[in-house]
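Notes to accompany the following structure.
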Amino acid sequence: MSADTSVPHPRLSGLDASDSALFATLLREAPIGFALFDTDLRFKRANQSLARLHGVAVADLEGKKPSEVLSEKYGEIVETAVRKVVDEDRPVLDVDLEIGGRHWAYSWFPAHAADGEITGVVLVVVDVTDRVLAETAIRRKEERYRSLVEASSQVVWVTMPTGEVVDDAPEWRAITGQTHEEYAAAGWLGAVHSEDRARIEEAWQACVTGDRIFEATYRIRTRAGGYRNYDVRAVPIRRDGEIVEWVGANTDVTGKREAEEMRGRLTEQLSAAALRTARLQQATSMLAEALTVNQVVAVITEVGRSAIGADRSAVALLDDDKVRLHTITPGGIPELPGPAREEIGVEDPSVMSVAVRERRPFLAENPTSLRLQIQAEEIDAFVQVTDERAWVGLPLLAAGRALGALRFSFTRPREITEEERVFLEALAGQCALAVERATLFEREHKTAEALQRSLLPDRLPQLPPMRLAARYQPATRHVQVGGDWYDAFPLQDDRVAIVIGDVMGKGVKAAAGMGRVRNALRALALNDPRPAAVLSGLDRLFSATEGMEQITTLAYAVIDPATGEGVISNAGHLPPLLIYPDRRPEVSTSEAGTPLGWPSQRHQTKFSVPPGNTVVFYSDGLVENRRRGLDAGLDEIVAIAADAPPEVLADPEILVDFLVDRMLAGYDHDDDVTVLALHVPPKTA
C-alpha cells in the first residue's frame, strides 16, 4: 500500500488537464459525499464532504473498512450495503441516514471493468433534508386530512375526469353495503334512491361535461335497507389547466333534515298557537327577573293556565330526602281521600307523584284515562267527587335531577296536542331552572342576611343629650344582600365613635368583607380613636388582605356627646346631610377622600353638632338608583329634609323612617339602604 495518504487527483481518459482539475475540485468541494470502495470493502478514495460528514479525515479513510473507521452506528450500515452491492452486483439506493440533525441519502452503485467484471463500489451521499422535511410536512397534512375526514360525517370519493369511479371508497361501501365490484361498476349512483337517481345522474353528467361544481341532496340506501339523506359536493381537480379527477364529499344530513322538518312542523304549529308562543316568551322574560321560589311559581302557574286554558294549577317541590312533595301554591294537592294536603309522598297515587317518579309528562285526557294510568282506590274516590275531568303532570328536572312537579287540571275532558305538550315541557324546563336558581339564591341570601344582621349592632348607645337612630333595609327588587353597615360604640374617654360604610358587591362575599372591615375598625379605634389614624390603619390592613377590585368606602367620626364637638374622616363615602333648626339643610362639602386601600394621605376635619342640629349618614342605596342619578338624589334628600315637620326633625327615630319612605317612594328598591342619624336636642330653659 502506498505511504501517500492524500487523495490522488482523479485522472479519467478523455479528459484534458482542465477537465481533470474541474473533476478534482468537484470531488473536493461539492456538498455531495463521494467514496470508492474496492471489492474487499475498503475505501479506495473519498472526498472531503463525506469525511467531514462523519467527523474524520480523508486520509483516515483510505484502505480502511467502514466498520474500522466510522462510528459503530454508521460503519455497519455502510459496510453491509457495500457487501450487498459486491455480492449481488446491483445498486442499493436512497438509504436515509440522519447525521448531525440532517438527512442524507446514501446510494451505492457497482463499478465494472470493460469486461463487465465488478471492480468496486461507488458511494454517493446527497443532503436530502429539505426533501425529507417537505415529505414529512406533506405526510402530516395527509394524516391530518385523513383524520379530519374520518372524524367528520363526510365520506370522500374520487372519479376520473369523465365521472367514472377510479378508486375504491371503503367508507362509502361500509354505509351502502355495496361490494367492491358493485361500486366499481355503478359507483356512488348505484346506492341513490330510485326516485332520485335519474335527476341526480343527469345533474352529475351536466356538471362533468360543463366543468361545474356539483352540489345536490339525495337519499342513499344503507346497508340496513333504509334510506338516509346526504348532501354531496364534488369539485374538479386540475393540473396544468386540465381536469385530472373529481373529488366528492358526501355528508350525512339526516339528523339535520329531520331537525329541519321537525322545526318546520313546530313553526307551523306554533304559528297557529301564537298566544302560547307569546306567553312562553313572556315567561322567559319574567323568570329572568324572578329571584324567589314564590315569584317563579307565580309566573309559571299564571303562564301555564292562561296558555292552555287550565282551570287549576299547582306546584310542588321535593323535600331534601326526595320522598315527599310539598306544595308551594295554596290549595294543597287533591286526588287523595280527605281535604287537599300540603304534602304527599312520591309513592302515593297522584298526578304529580307519577310525573316525579317516572320523570316524564303525565297526561290524562279524561277520568277513564286517569283510572287506567293510576289504578288505585283513592283515584276512584277522587274522580267521583271532583269536578276536574283532565289532568297534566310535568316533572321539574334540572341536570337530570327531579326538583318537583307542575300540575294543571281542567273541568272538562281535554286532549293535550303535541304542540301543547312541547310548550308545556319547555315551560317545565324553564320552571325547573328558575326554581333551582331561586332556591340557591334564597339560601345564599338568607346566609348573607343573617351574617350581615349579626354584624350590625343590636342597639345604639344613647349618651345624653345625644340621640342616635339607624335603619338597615335590604333591597326588595333584587334580594341580594349587600355590604352596607353602620356602627356606633363608646370610647374610653366618654366620646362615641360613629361609622357608616359600604363594601361594593352583593351576597355572602360582600357581607363577609363588611364584617372584616367592621371588626378591624373597632380594634383600631380602641387603640387610637383618631379618625385619620383609624383610616390609615385600615388602608394598611386593606392593602395587605383585600383585593384591589374590592372597593370599600366609609365615613368615621368621633364625637363628644357633652359638647357635640368632633372630628371626622371620609374614605370615599357620600357626604353626610346636615340639618339645622333655623336654615335649609345641606350636604357636607368636605373632601370625600379615596376608598380604603387606595394610596392617599388621610386627613380629619373638625365638625360640631350644636343643640337642635342633626347629622345624617347614609349609603348610596338611599339617594341613587337606576332611574335617579347621584346628584339628583342628593338634591332630593336635601329638599325632603327641608320639608320635614319640626316634630320629625326632633326625633331621629321618626326622621330616619321619614327619609327612607320619601326617598324610596316611586322607585325600584334595588340596593340596600343604610341610614344613621345623630341628633342633639335643643337646650331647654
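By UniProt numbering, the letter at position 170 of the sequence shown is numbered 170, and the numbering carries on one by one without gaps.
For every residue, glycine included, the Cβ atom is placed at its ideal position computed from N, Cα and C.
In the displayed model, R371 falls within a helix according to three-state DSSP. Between the region 48–68 and the region 83–95 there are fewer than three inter-stretch CB-CB distances shorter than 8 Å, so the stretches are not counted as touching. The three-state secondary structure of E586, taken from DSSP, is strand. Positions of the alpha helix (DSSP H) runs, each at least 4 residues long and wholly inside the region 352–436, are given as 367–373 and 377–385 in order along the chain.
DSSP places I118 outside any alpha helix (DSSP H); the residue lies instead in the beta strand (DSSP E), whose first and last residues are I118 to D127.
One alpha carbon belongs to I559, the other to H603, and they sit about 16 Å apart. Proximity to P561 across G621, A314, T674 and H679 peaks at H679, based on C-alpha coordinates.
With a cutoff of 8 Å on beta-carbon distance, I220 and R228 are scored as near each other. Here the C-alpha atom of S49 lies approximately 50 Å from the C-alpha atom of V155. Check the Cα spacing between G393 and each of F214, V385, G666 and A405: the tightest is with A405. Here the C-alpha atom of V356 lies approximately 25 Å from the C-alpha atom of Q384.
For G33, the CB contacts under 6 Å within the same chain, skipping 5 residues up- and downstream, are S49, L50, L53 and V125 in chain order. Annotation: the continuous alpha helix (DSSP H) that includes G621 extends over D620 to V623.
For K84, the enclosing alpha helix (DSSP H) covers residues E72 to E88. Across the structure, M262 and P330 are spaced so that their CA atoms are roughly 38 Å apart. In chain order, V158 place their CB closer than 7 Å to the CB of D167, counting only its own chain and leaving out the 5 sequence neighbours on each side. Looking at the DSSP output, E565 sits in a beta bridge with S608. Check the Cα spacing between D252 and each of L372, R414, A434 and D231: the tightest is with D231. By the criterion of at least three beta-carbon pairs nearer than 8 Å, the region 575–591 is in contact with the region 634–647. Of the candidates L363, I379, A399 and A381, the residue whose Cα lies closest to the Cα of A390 is L363. For I213, the number of other beta carbons within 10 angstroms of its own is below 16, and it is reported as exposed.
By the 16-neighbour rule on beta-carbons within 10 angstroms, S543 is exposed. Note on geometry: alpha-carbon atoms of S194 and W188 lie some 13 Å from one another. With respect to the 8 Å criterion, A186 and T176 are not classified as neighbours on the basis of their beta carbons. Sorting R401, A259, G255 and V299 by C-alpha distance to the C-alpha of D321 places R401 at the top. Between M663 and E636, the beta carbon gap of about 7 Å places them in contact (Cβ cut-off 8 Å). By the CB criterion at 8 Å, G120 and D60 fall outside the cutoff. Taking a 10 Å sphere around the C-beta of H573, we find 16 or more other C-beta atoms and assign the residue as buried.
In the structure shown, M466 falls within a coil segment according to DSSP collapsed to helix, strand and coil.
When C-beta atoms of the region 652–671 are compared with those of the region 590–603, fewer than three pairs fall below 8 Å, so the two segments do not count as touching. The beta carbons of Q430 and L287 sit closer together than 8 Å.
In terms of Cα proximity to R495, the closest of P531, A137 and G345 is P531. Here D130 is exposed. Its C-beta has fewer than 16 other C-beta atoms within 10 Å. P461: not part of any beta strand (DSSP E); DSSP gives it neither H nor E.
Nearest C-alpha to A470 among L659, G255 and D127: L659.
Straight-line spacing of the CA atoms in V297 and T254 works out to 39 Å.
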